[in-house]
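All residue numbers for the sequence shown refer to the working numbering, where the first residue is 499 and numbers rise by one. Where a beta carbon is used, it is the ideal one built from N, C-alpha and C, also for glycine. Contents: one structure, followed by commentary.
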Amino acid sequence: VNAGIVGMTVSPVRGFGRQRGRTEQYRGTEYVVEFIKKVKVEIVVEDSLVDRVVEKVIAAARTGEVGDGKIFISPVEQVVRIRTGETDEET
């Protein structure tokens, strides 16, 4: 994917969207699994790279099926590296 990405965080999560849960069977008993295993990807980039990164993520992640996910774009006001105290682009 690159596109100027210098790092990302990938976390296993559980949730549901429009697809809701799914029905499973265990020992003959039917039950609904409301939260589905998903992956959350967090990427922080400079404003000038947002469009390019969005295009690359869509190209890499789109299957055309329900559950492909969403991309949320929000401002990051400040970044502080805990270890050194560096801020913003220095981090």
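Same chain, Cβ closer than 7 Å to V508, neighbours up to 5 away in sequence not counted: V537, V539
Three-way DSSP call (helix, strand, coil) for K568 in this model: coil
Member of R579, F533, E544 whose CA lies at the smallest distance from the CA of P510: F533
Endpoints, beta strand (DSSP E) assigned at R512: 507-513
Straight-line gap, N500 to G567 (C-alpha atoms, nearest Å): 20 Å
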